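Numbering (the working numbering), first residue to last: 3 to 234.
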């Protein structure tokens, strides 16, 4: 695990893609102003400077944000609650719901199947998903045995090509599902992006604690850490 010294730059991990655009105004409100290339999706750079020499940004895949922060390579990150639920890293502390990245994690299946299907009658399901742990836990709570086929993308192809009759994936507008002949049949969880912090860094670095409070103010949470939310 990386153990940066208190004088080393504070590294913030931010996900690529849709969340990046929503995160930029939030970063600015928290006093973090990255170099121009950070907001350029065509840039192949991964690490970026800010106007504060003590703060750097890295731009990585959403699933990797949690790993970078949990292992101390970054001290702070922005990541969806779906990723936190899937990995459940004990090294992570998620003190602030940032109120961005709204979507849901849902079960979907072909429209033709859904027209005659009732999820309440399921006893066994085979699903393609990049969330096998969350999916299995959801169905276990319902007493349903779930066989999960792990995929990292192109989930909507699984029913068409016979890999699995159903999928579990993030849904925002639902357009991708519709264009691939799928419909939502069950919601697993609502998802928003959270500020995550490495627990050890939160305890040992004053700049980390200060930045958490800056993000709290940026999203309208002005109160200090409550006892309930404190690092354990």
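Just so you know, even glycine gets a beta-carbon here, dropped at the ideal spot from N, CA and C. Here the structure is a predicted model, which means the values were calculated and not measured.
Check: Please return the same chain residues whose Cβ sits closer than 6 Å to the Cβ of residue 217, not counting the five positions on each side in sequence.; Outcome: 32, 98, 197
Check: Pull up the distance between the alpha-carbon of residue 231 and that of residue 55, whole angstroms please.; Outcome: Its pLDDT being 40, under 50, residue 231 is placed unreliably in this model, and the coordinates cannot settle the point.
Check: Within its chain, find whatever has a CB closer than 7 Å to the CB of residue 89; leave out the 5 residues flanking it on each side and keep chain order.; Outcome: 68
Check: Under three-state DSSP, which class holds residue 73?; Outcome: coil
Check: Thinking just about the alpha-carbon of each residue, which of 173, 82, 195, 180 is nearest to the one in residue 116?; Outcome: 180
Check: Judging by CA-CA distance, which residue of 173, 36, 30 is the nearest neighbour of residue 105?; Outcome: 173
Check: Can you grab the Cα-Cα spacing for the pair residue 135 / residue 193, in whole Å?; Outcome: 16 Å
Check: Just grab the DSSP bridge partners of residue 148 for me.; Outcome: 127
Check: Is residue 224 helix, strand or coil by DSSP?; Outcome: With a pLDDT of only 44 at residue 224, under the threshold of 50, the placement of this residue in the model should not be trusted; the figure read from the coordinates follows. If DSSP states are grouped into helix, strand and coil, residue 224 belongs with coil.
Check: Between which residues of its own chain and residue 6 is the CB-CB distance below 6 Å, once the five residues before and five after are set aside?; Outcome: Any reading at residue 6 needs caution, since the residue's pLDDT is 48, under 50, leaving its predicted position unreliable; the model's value is listed next. Nothing listed; no residue qualifies.
Check: When DSSP labels each residue in this structure, what does residue 17 get in the three-state scheme?; Outcome: strand
Check: At what residues does the alpha helix (DSSP H) containing residue 84 begin and finish?; Outcome: 83 to 89
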